[in-house]
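Okay, so here's the structure we're looking at.
Numbering (the working numbering), first residue to last: 118 to 443.
Written out as structure tokens, the structure is:
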């Protein structure tokens with residue numbers, strides 16, 4: 118009798134182990150070919166440009182329009198995500214900026230109800246779109262509990278929306294966190310540097326869109342060191358803008374962002390050293406994580422702002438810069 122019970126128990130353990138292994142390989146697998154992780158999309162919408170001499174750009178960690186529920190196990194009804202999309206589109210239509218750099222934007226994810234957020238916002242008149250996928254999994258079991266809160270299928274990344282022609286686009290995968298357990302690493306996203314070259318009335322503008330590691334400082338420092346080296350190469354010879362979610366506040370101990378703040382001839386939009394506006398979290402901003410840096414040799418800063426009117430459509434607030442070419 119005991120042998121039979123032990124036998125049944127061992128069979129049950131083996132079956133459960135097989136289920137876990139099968140889930141691991143299935144859930145961590147991709148939904149698309151890697152060749153699709155970098156693409157330039159050309160649309161045919163009606164375009165309204167505000168000026169031929171003053172240009173505007175926004176960086177926004179849109180947090181897949183989940184508001185303050187991002188990365189939490191809170192209920193996230195479709196009505197919340199839909200209303201946030203309507204709100205964001207209304208504000209971007211009013212702003213009518215020339216360029217938008219997004220982080221955490223969803224293309225085909227269960228957590229945002231399979232809405233292509235990039236496509237929806239592009240309809241405001243952005244005919245040139247550069248997409249880089251950094252998270253492509255059939256099933257992400259996070260937040261861990263309850264299972265009903267799992268993200269499920271995720272296809273997400275970073276996008277640059279432009280009213281001007283994108284003539285080159287690169288996707289650079291940054292360092293991963295070392296010593297991460299293999300089972301966690303299999304489901305984790307890539308941290309990317311997205312680089313576009315854009316033809317703006319005959320001038321070549323370099324836009325560098327980044328989303329750095331959020332949870333491991335050592336990796337974040339290493340990632341930004343690589344980004345800064347590339348930024349310095351471009352900014353010495355061309356109008357260059359580096360922007361995005363750096364996940365680093367100047368008031369952190371030995372902050373990673375100091376690598377950029379201490380660069381010569383590099384400006385920082387909507388940022389006063391002793392009195393800067395914060396961008397995270399949107400409900401009660403207490404950290405500055407999002408920035409727009411630019412090469413002062415080629416770009417003249419007009420003005421900038423942290424856009425509080427976007428409210429809690431995301432857990433981040435966007436940053437705006439208006440500029441001229443020198």
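Ideal Cβ placement from N, Cα and C applies to all residues, glycine included.
(request) Could you name the residues that DSSP lists as bridge partners for residue 396? (result) Under DSSP, residue 396 shares a beta bridge with no residue.
(message) So, at 6 angstroms on beta carbons, what are the nonlocal neighbours of residue 357 in its own chain, with the 5 sequence-adjacent residues on each side left out?
(response) Excluding positions up to five away in sequence, the list reads 323, 351 and 412.
(request) Consult DSSP for residue 251 and reduce its assignment to one of helix, strand or coil. (result) Under the three-state reduction of DSSP output, residue 251 falls in the strand class.
(request) For my contact list, residue 223 and residue 181 are in at a C-beta cut-off of 8 angstroms; report their separation, rounded to the angstrom. (result) About 4 angstroms separates the two Cβ atoms, so the contact holds.
(request) Would you mind sorting residue 332 into buried or exposed? The rule is 16 or more other CB atoms within 10 Å of its CB. (result) Exposure of residue 332 is indicated by the presence of fewer than 16 other C-beta atoms within 10 angstroms of its C-beta.
(message) Tell me the rounded alpha-carbon separation between residue 384 and residue 410.
(response) Roughly 5 angstroms separates the two Cα atoms.
(request) Classify residue 286 as helix, strand or coil using the three-state DSSP reduction. (result) Note: residue 286 maps to strand in three-state DSSP.
(request) Please go through the same chain and pick out, in chain order, the residues whose beta-carbon is closer than 6 angstroms to the beta-carbon of residue 327, but skip the five residues on each side of it. (result) Closer than 6 angstroms at Cβ, skipping near neighbours: 310, 344 and 361.
(request) Grab me the residues of residue 208's own chain with a C-beta within less than 7 angstroms of its C-beta, minus the 5 sequence neighbours each way, in chain order. (result) Here the set comprises 426 and 427.
(request) Using beta-carbon positions only, say whether residue 300 and residue 257 come within less than 7 angstroms of one another. (result) The answer is no: Cβ separation not under 7 angstroms.
(request) Compare the C-beta of residue 350 against all C-beta atoms of chain B and say whether one is closer than 7 angstroms. (result) Of the protein chains in this structure there is only one, and it is not chain B.
(message) Runs of 4 residues minimum, wholly inside the segment 153-207: which ones carry the alpha helix (DSSP H) assignment?
(response) List check, alpha helix (DSSP H) in window: nothing returned.
(message) Which residue wins for smallest C-alpha separation from residue 314, given the options 346, 292 and 216?
(response) Checked all of 346, 292 and 216; the closest Cα to residue 314 is 216.
(request) Please classify residue 238: does DSSP put it in a helix, a strand, or coil? (result) Correct three-state label for residue 238: helix.
(message) If I follow the unbroken alpha helix (DSSP H) through residue 135, where does it start and stop?
(response) Run containing residue 135: 119-144, per the alpha helix (DSSP H) assignment.
(message) Which of the three DSSP states is assigned to residue 302 in this structure?
(response) Helix, per DSSP.
(request) Output the distance between the C-alpha atoms of residue 213 and residue 136, rounded to the nearest integer angstrom. (result) So the two alpha carbons sit approximately 50 angstroms from each other.
(request) With distances taken Cα to Cα, identify the nearest neighbour of residue 353 among 388, 414, 160 and 296. (result) The shortest CA-to-CA distance from residue 353 to any of 388, 414, 160 and 296 is the one to 414.
(request) Measure how close the beta-carbons of residue 200 and residue 193 come, nearest whole angstrom, since I'm counting them as under 8 angstroms. (result) Between residue 200 and residue 193 the beta-carbon gap is near 12 angstroms, outside 8 angstroms, which marks them as no contact.
(request) Quick one: grab the DSSP three-state call for residue 419. (result) DSSP, read as helix, strand or coil, puts residue 419 in strand.
(request) Identify whether residue 434 lies in helix, strand or coil by the three-state DSSP scheme. (result) DSSP places residue 434 outside both helix and strand once states are collapsed to three, so it counts as coil.
(message) If you follow the beta strand (DSSP E) that residue 218 is in, where does it begin and where does it stop?
(response) Per DSSP, residue 218 belongs to the beta strand (DSSP E) from 216-223.
(request) Would you list, in sequence order, the uninterrupted alpha helix (DSSP H) runs of no fewer than 4 residues that lie entirely inside the segment 358-395? (result) Runs of the alpha helix (DSSP H) inside the segment 358-395: 375-378.
(message) If distances are taken between C-alpha atoms only, which option among 312, 297 and 263 comes closest to residue 287?
(response) The shortest CA-to-CA distance from residue 287 to any of 312, 297 and 263 is the one to 312.
(request) Just grab the DSSP bridge partners of residue 321 for me. (result) In DSSP, residue 321 forms a bridge with 316.
(request) Hey, could you find the ends of the alpha helix (DSSP H) residue 352 is sitting in? (result) First-last of the alpha helix (DSSP H) with residue 352: 334-352.
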